[in-house]
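Chemist: For the sequence shown, this note's numbering begins at 355 and goes up steadily by one.
Built from N, CA and C at the ideal position, the CB exists for glycine as well.
Encoded as structure tokens, here's the structure I'll be asking about.
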Amino acid sequence: MSRCGRPLNDKIGRPQLLIVRRASGGNAVRTAAYNARAALTDARTGERFSYAWRTDCEAVEVIGWNGDAGSLWDAAEKAERKGNAQVARNIILPLPADIPLSEMKRLGREYSDWLHAEYGTASMVALHRPEEKIDPKTGETRSNGNWHIHVLETTRRVETGADGRTMLGEKTREMTDTNSAEKGGPSRSKAELRKRRDAWEDMTNAALARNGIVYRVDFSAYAEQVAEGRRAPQEPTEHLGPVLHKGRRDRKADRASPAPRKFAANLRRRKRNTTIARAVAAVLDDVMTVEDYAAAREEPADMAEDFFRAIWARLGKNRARAAARKRKEVEKARKATTAPSADPAEAEKERNRQAAITRRVNERREAPKGGTREKGLAAVMGAKDRQKRERARRRQIVK
Numbered sequence: 355m356s357r358c359g360r361p362l363n364d365k366i367g368r369p370q371l372l373i374v375r376r377a378s379g380g381n382a383v384r385t386a387a388y389n390a391r392a393a394l395t396d397a398r399t400g401e402r403f404s405y406a407w408r409t410d411c412e413a414v415e416v417i418g419w420n421g422d423a424g425s426l427w428d429a430a431e432k433a434e435r436k437g438n439a440q441v442a443r444n445i446i447l448p449l450p451a452d453i454p455l456s457e458m459k460r461l462g463r464e465y466s467d468w469l470h471a472e473y474g475t476a477s478m479v480a481l482h483r484p485e486e487k488i489d490p491k492t493g494e495t496r497s498n499g500n501w502h503i504h505v506l507e508t509t510r511r512v513e514t515g516a517d518g519r520t521m522l523g524e525k526t527r528e529m530t531d532t533n534s535a536e537k538g539g540p541s542r543s544k545a546e547l548r549k550r551r552d553a554w555e556d557m558t559n560a561a562l563a564r565n566g567i568v569y570r571v572d573f574s575a576y577a578e579q580v581a582e583g584r585r586a587p588q589e590p591t592e593h594l595g596p597v598l599h600k601g602r603r604d605r606k607a608d609r610a611s612p613a614p615r616k617f618a619a620n621l622r623r624r625k626r627n628t629t630i631a632r633a634v635a636a637v638l639d640d641v642m643t644v645e646d647y648a649a650a651r652e653e654p655a656d657m658a659e660d661f662f663r664a665i666w667a668r669l670g671k672n673r674a675r676a677a678a679r680k681r682k683e684v685e686k687a688r689k690a691t692t693a694p695s696a697d698p699a700e701a702e703k704e705r706n707r708q709a710a711i712t713r714r715v716n717e718r719r720e721a722p723k724g725g726t727r728e729k730g731l732a733a734v735m736g737a738k739d740r741q742k743r744e745r746a747r748r749r750q751i752v753k
């Protein structure tokens, strides 16, 4: 769940901040041309960059600068004299695909206005729509839903000269300050990055609320979400990137490539994360006890108790009342299934079936003590559904 208690949509990507560095060949004019899908010429070097052939840009706008994009980034390049200068900051902001196009444009403008008011910088906003591909089998056009905004921001504050013209002045040193504001705390630059991330999160959630969309986004770290009881513990997967994805799709790729191994490792992590999430859901539904969860996870019981206490507090759930209601339902179902049958043979068969189920459940509960974490979780979760238990047992035998 998100910070406000709404359902969490974690399929949306996270904000990224990329620095345009001159030492590594970066150029603010080239980046601006790419973001705007336009043709621009760098007045400092005379180079011309054109990306006008690309057609996936919906809108472009310059915020905090009296002039067009070309004059802004020419000024940004001329203001830097060092060979290792940071010329601009390229911020990539993810967007929910469910909000209308007008809201997306409004969000980009609102965030750029916030940057100008907070840091005094100028920026260029470019809204990009998702990549669309045609399915060769069905002929349908498919999209990955990756709506996003590029905000190209200056590293210097905008100042007004004596003649009334805008120009770039001092650097925004707070974005590169590695000293902590307080002893033992995060560096000032990290604190500023977090403030920017939280500002975009608040603006996005406000847009979702305005359009009546139920879910919310949360860009905080997984560890922070787990500590606050908003997410089940997860093992992070490794980001592979477009190069490894292309290598995986290419059948002629070198077999020694690390792509297959990394994909397999990520798949195993996702399966373990799914198992853990189901175990957490079982505890919240009072199907599993916290002690069983802690034993299966091989972690201290007090740590598991603190984790679920945070979840219960956030849900506003009365644990005792819910547990009592669940026990009544289980007892009612048990009495219904063990009601005396008119046929003695059928009654004997039902008692034998119940005894077999109880025996298997007890065996599964004892299994985590001598097994791995994954086997323990699978054993505890297997007690919930007989068919799932049988399939898990067969898969284990095959392995």
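(1) Looking at the strands, I want to know which residues DSSP matches up with lysine 432.
(2) With DSSP as the reference, identify every bridge partner of isoleucine 488, one or two as the case may be.
(3) Give the secondary structure of alanine 480 by DSSP, where H, G and I count as helix, E and B as strand, and everything else as coil.
(4) Beta-carbon within less than 7 angstroms of phenylalanine 662's beta-carbon, same chain only, minus the 5 sequence neighbours each way: which residues are those?
(5) Does the distance from the CB of alanine 393 to the CB of alanine 406 come in under 7 angstroms?
(6) Tell me, please, which residues DSSP counts as bridged to arginine 550.
(7) Alpha carbon to alpha carbon, how far is asparagine 620 from tyrosine 647? Give it in angstroms, no decimals.
(8) Since methionine 557 contacts tryptophan 501 with CB under 8 angstroms, what's their CB separation in whole angstroms?
(9) Touching or not, the stretch 443–452 and the stretch 416–427, by the rule of three or more beta carbon pairs under 8 angstroms?
(10) Using 7 angstroms as the threshold, is the C-beta distance between glutamate 546 and glutamate 524 below it?
(11) For isoleucine 446, tell me which candidate among Arg519, Pro590, Tyr465, Arg651 has the shortest Cα-Cα distance.
(12) Beta strand (DSSP E) containing lysine 459: first to last residue?
(13) Give the C-beta separation of methionine 478 and alanine 390 to the nearest angstrom, bearing in mind that I take them to be a contact with Cβ-Cβ under 8 angstroms.
(14) Leaving aside the five residues before and after glycine 515 along the sequence, list all residues of the same chain whose C-beta is less than 7 angstroms from its C-beta, in chain order.
(15) Is the Cβ-Cβ distance between arginine 402 and threonine 395 less than 7 angstroms?
(16) Have a look at lysine 688 and glutamate 704 and give me their C-alpha separation to the nearest angstrom.
(17) I'd like the list of long-range same chain contacts for arginine 564, defined as Cβ closer than 8 angstroms, with 5 residues on each side in sequence excluded.
(18) Quick check on the DSSP output: the alpha helix (DSSP H) that includes valine 571 runs from which residue to which?
(19) If we ignore side chains and look at the alpha-carbon of each, how far apart do arginine 510 and glycine 518 end up?
(20) Taking aspartate 572 and glutamate 555 to be in contact with their CB atoms under 8 angstroms, please state how far apart those CB atoms are, rounded to whole angstroms.
(21) Just to check my reading of the structure: histidine 496 and glutamate 486 have Cβ atoms closer than 8 angstroms, yes? What is that Cβ distance to the nearest angstrom?
(22) By the 10 Å Cβ neighbour count, where 16 or more other Cβ atoms means buried, how is isoleucine 488 classified, buried or exposed?
Modeler: Based on what the coordinates show:
(1) Numbered from 1 along the sequence shown, position 78 holds the residue referred to as residue 432. Here lysine 432 is not bridged, per DSSP, to any residue.
(2) Locating residue 488 in the sequence shown gives position 134, where the first residue counts as 1. Per DSSP, Thr495.
(3) As a position in the sequence shown, residue 480 is number 126, starting the count at 1. Here alanine 480 sits in strand by DSSP.
(4) Numbered from 1 along the sequence shown, position 308 holds the residue referred to as residue 662. Within the same chain, phenylalanine 662 has close Cβ partners Val637, Val644.
(5) Translated into the one-based positions of the sequence shown, residue 393 becomes position 39. Translated into the one-based positions of the sequence shown, residue 406 becomes position 52. Contact: yes.
(6) What you label residue 550 is simply residue 196 of the sequence shown in a count that begins at 1. Looking at the DSSP assignment, arginine 550 forms no beta bridge with any residue, so it has no partner.
(7) To locate residue 647, count along the sequence shown from 1; it is residue 293. To locate residue 620, count along the sequence shown from 1; it is residue 266. The alpha-carbon separation between tyrosine 647 and asparagine 620 amounts to approximately 24 angstroms.
(8) Translated into positions along the sequence shown, residue 557 becomes position 203. Translated into positions along the sequence shown, residue 501 becomes position 147. Under the criterion of beta carbons closer than 8 angstroms, methionine 557 and tryptophan 501 do not qualify as touching, at roughly 15 angstroms.
(9) Look at the beta carbons and you see the stretch 443–452 not touching the stretch 416–427: under three pairs across the two are nearer than 8 angstroms.
(10) Along the sequence shown, one-based indexing puts residue 546 at 192. Along the sequence shown, one-based indexing puts residue 524 at 170. Not closer than 7 angstroms, so no.
(11) Here residue 446 corresponds to residue number 92 of the sequence shown, with the count starting at 1. Of Arg519, Pro590, Tyr465, Arg651, the residue nearest in Cα terms is Tyr465.
(12) As a first step, residue 459 is located in the sequence shown; it is residue number 105 there, counting from the start. Annotation: lysine 459 is outside any beta strand (DSSP E); the continuous alpha helix (DSSP H) that includes it extends over 455–473.
(13) For the purposes of this step, residue 478 is identified with residue 124 of the sequence shown, where counting begins at 1. For the purposes of this step, residue 390 is identified with residue 36 of the sequence shown, where counting begins at 1. Right, the Cβ-Cβ distance comes to about 7 angstroms (below 8 angstroms), so this counts as a contact.
(14) Residue numbering aside, residue 515 sits at position 161 when the sequence shown is read from its first letter. The answer, listed in chain order, is Met521.
(15) Position 48 of the sequence shown, counted from the first residue, corresponds to residue 402. Position 41 of the sequence shown, counted from the first residue, corresponds to residue 395. In this structure, threonine 395 lies closer than 7 angstroms to arginine 402 by Cβ.
(16) Residue numbering aside, residue 688 sits at position 334 when the sequence shown is read from its first letter. Residue numbering aside, residue 704 sits at position 350 when the sequence shown is read from its first letter. Per the sequence shown, residue 688 should be read as arginine rather than lysine. Inter-residue distance for arginine 688 and glutamate 704 is about 12 angstroms (C-alpha atoms, whole angstroms).
(17) Indexing the sequence shown from 1 puts residue 564 at position 210. Closer than 8 angstroms at the Cβ level, and outside the excluded window around arginine 564, lie Glu457.
(18) Along the sequence shown, one-based indexing puts residue 571 at 217. Where valine 571 is concerned, there is no enclosing alpha helix (DSSP H), given that its DSSP letter is neither H nor E.
(19) Counting from 1 along the sequence shown, the entry for residue 510 is found at position 156. Counting from 1 along the sequence shown, the entry for residue 518 is found at position 164. So the two alpha carbons sit approximately 18 angstroms from each other.
(20) For the purposes of this step, residue 572 is identified with residue 218 of the sequence shown, where counting begins at 1. For the purposes of this step, residue 555 is identified with residue 201 of the sequence shown, where counting begins at 1. Right, the Cβ-Cβ distance comes to about 7 angstroms (below 8 angstroms), so this counts as a contact.
(21) Along the sequence shown, read from residue 1 onward, the residue named residue 496 stands at position 142. Along the sequence shown, read from residue 1 onward, the residue named residue 486 stands at position 132. The identity of residue 496 in the sequence shown is arginine, whereas the question assumes histidine. Between glutamate 486 and arginine 496 the Cβ distance is about 7 angstroms, and since that is below 8 angstroms, they are a contact.
(22) Here residue 488 refers to the residue found at position 134 of the sequence shown. Classification for isoleucine 488: exposed.
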